[in-house]
Amino acid sequence: MTAHAFTTLFVFALTASVLLQMWLAQRHINHVRRHRSAVPDEFAAEITLLSHQRAADYTVAKTRFGMLATIWDAMLLAAFTLGGGIAWLSNLASDWFGPGILAGVTMIALLAVANTVLTLPFSWISTFRIEAAFGFNQTTPATFMADLVKTSLIAAAIGLPLIAVVLWLMDAMGDVWWLWVWATWVGFSLLLMWVFPTWIAPLFNKFEPLPDEGLRTRIEALLTRCGFRAGGIFMMDGSKRSSHGNAYFTGLGAKKRIVFFDTLLKQLNGDEIEAVLAHELGHFKRRHIVKRLAWTFLLMLGMLWLLGQLKTRPWFYEGLGVQTPTTAAALVLFFLVLPVFTFLFGPIGSMLSRKHEYEADAYAAEQASSRDLIHALVKLYRDNAATLTPDPLHSLFYDSHPPASLRIAALKRLG
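Going by full-length UniProt numbering, the sequence shown opens with residue 1, and the numbers climb by one from there.
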């Protein structure tokens, strides 16, 4: 392949990807608007028309803003690649430190800083305009900026040494460098999952043992019934940033923790919380977490192998605006442009994720109550302003969970 041919292919793929995303977003907006005037029959007893319309308006606002963000991201990608941004940063870093690993790490750090600064207005508007307009935002400007600083410092402290190791392996390990990098990345990912609950998460939120003793007893009984060992059951001050409710598992091995947002504990009663937790336990008991990790690791292995094939091709660099090939440029270019060529495969991941959600719901129906899970989900749809009428094709591309109507119908069949 020639550099010109690859440039043409990249421009075509980028344009097609953006147009497809715009079309899907507009379909979604039109579909939600068409169904704004009436609550679906299966939800009419529990969700008011006012709540339904609020969810529709929230969905439309987010989707419209997402369209602007998609266009901006595409413009930045074109500027960093064909516009010469990466080439300029690479030359700047080489002028400072000469060719080598330090220059490569510096270039990647500068690119990350530039991208953060250029996308920051979108994060700000999303938080303080859209989320605030619908009553969800609880974040103050001071908290927002503190989060940004802490995230940046942690990323630098953890990420930059990892990048240096990766660049060294890519240069030092010959034709099978991608295998060494993959093993390093897998080990790092598992280590990060292990330390995150104890060392990183508390830098952003306050965690305290679940204060409701009665609820704690019920949860411990459920864990015993399901044969699950947890390193603790905690409440997190999610209301510090948002009124959205959530619950999740985090950590590995003895570090596994169950975390409830304080907002969720206010939204649901004990039976509903137990059903939601049973659903999350279903992901573990059906080995969804292990399967997802294995799938992610396998995909990364394939991607690094592909990068190994492209790394020695001059047309790969020149076709993306870089005239002087470097190891760092190969790494950055590959992972920047990869989503452009893989967007069409999104529904595959969504379908697998939805399958897992149905299986976890079935497990929750066995261990708790399908009725209580239905009540919990309906409350969460209502309180989080989640649309009950997503466009099916848009949902197929973007949604990891089944649409509300399909999910509730499946749970009713289980009940």
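Even glycine gets a Cβ: it sits at the ideal position worked out from N, Cα and C.
It should be emphasised that the depicted structure is a prediction, and the values quoted were computed from it without experimental measurement.
- The alpha-carbon separation between Thr2 and Leu179 amounts to approximately 28 Å.
- Under DSSP, Pro209 takes part in a beta bridge, and its partners are Phe234.
- Cβ neighbours of His356 within its own chain (closer than 6 Å, five residues either side excluded): His288.
- For Thr326, the secondary structure class from DSSP, reduced to helix, strand or coil, is coil.
- Separation of Thr106 and Ala330 (C-alpha to C-alpha, rounded to the nearest whole angstrom) is 14 Å.
- Within a 10 Å sphere around the beta-carbon of Tyr363 sit 16 or more other beta-carbons, which makes this residue buried.
- Listed in chain order, the alpha helix (DSSP H) runs fully inside the stretch 178–225 amount to none, counting runs of at least 4 residues.
- Look at the beta carbons and you see the stretch 270–277 not touching the stretch 132–147: under three pairs across the two are nearer than 8 Å.
- Looking from the CA of Gly232, the closest CA among Met300, Phe297 and Arg216 belongs to Arg216.
- Per DSSP, Ala247 lies in no alpha helix (DSSP H); the unbroken beta strand (DSSP E) holding it starts and ends at Ala247 to Thr250.
- Take Thr327, set aside five residues on each side of it, and the residues of its chain with a beta-carbon closer than 7 Å to its own are Gly104, Leu167, Met170 and Asp171, in chain order.
- Excluding residues up to 5 positions away in sequence, Ile29, Val32 and Arg33 lie with their Cβ nearer than 8 Å to the Cβ of Val60 in the same chain.
- Lys255 has its alpha-carbon roughly 14 Å from the corresponding atom of Phe207.
- By the Cβ rule, the stretch 399–406 counts as touching the stretch 345–353, because three or more pairs are nearer than 8 Å.
- Rounded to whole angstroms, the Cβ separation of Ala74 and Val117 is 18 Å, and the two are not in contact under 8 Å.
- Residue ranges of uninterrupted alpha helix (DSSP H) with 4 or more members, entirely inside the stretch 88–146 and ordered along the chain, are 101–125.
- Taking a contact as a CB-CB distance under 8 Å, the pair Leu264 and Gly245 counts as one, their CB atoms being some 4 Å apart.
- Separation of the CB atoms of Leu333 and Ile86 is rounded to 7 Å, and the pair is thereby assigned contact status at 8 Å.
- Of the candidates Ile219, Asp237, Ser239 and Lys240, the residue whose Cα lies closest to the Cα of Ala230 is Ile219.
- About 10 Å separates the beta carbons of Asn205 and Met235, which is beyond the 8 Å limit, so they are not a contact pair.
- Per the DSSP secondary-structure output, Ser242 pairs in a beta bridge with Asn137.
- DSSP places Arg64 in the uninterrupted alpha helix (DSSP H) bounded by Leu49 to Phe80.
- Shown here for Phe97: same chain residues with a beta carbon closer than 8 Å to its own, the five before and five after excluded, namely Ala103 and Thr106 in chain order.
- Taking C-beta atoms under 8 Å as the contact rule, Thr139 and Thr127 qualify, at a distance of about 6 Å.
- Selection Trp185, Ala142 and Gly174 evaluated against Gly159 yields Trp185 as nearest (Cα-Cα).
- Between Phe261 and Ala278, the gap from beta carbon to beta carbon reaches 8 Å or more.
- As a beta-bridge residue in DSSP terms, Ile258 pairs with Ile233 and Phe249.
- Apart from sequence neighbours up to five positions away, the residues of its chain that approach Met300 with a beta-carbon distance below 7 Å are Trp182 and Trp185, ordered along the chain.
- Taking 8 Å as the cut-off, the Cβ atoms of Leu336 and Phe80 count as close.
- Put simply, the backbone Cα of Phe196 is about 19 Å away from that of Phe297.
- Here the alpha carbon of Gln267 sits roughly 42 Å from the alpha carbon of Met303.
- Here Asp399 carries a coil assignment [DSSP, helix/strand/coil].
- Residue environment analysis places His394 among the buried positions, since at least 16 neighbouring C-beta atoms fall within 10 angstroms of its C-beta.
- Shortest Cα-Cα distance from Asp212 to any of Ala142, Ala55, Asn269 and Phe284 involves Asn269.
- Taking every protein chain shown into account, the CB of Ser94 has 16 or more other CB atoms within 10 angstroms, so this residue is buried.
- Taking the C-beta atoms as reference points, Met67 is found no nearer than 8 Å to Ala133.
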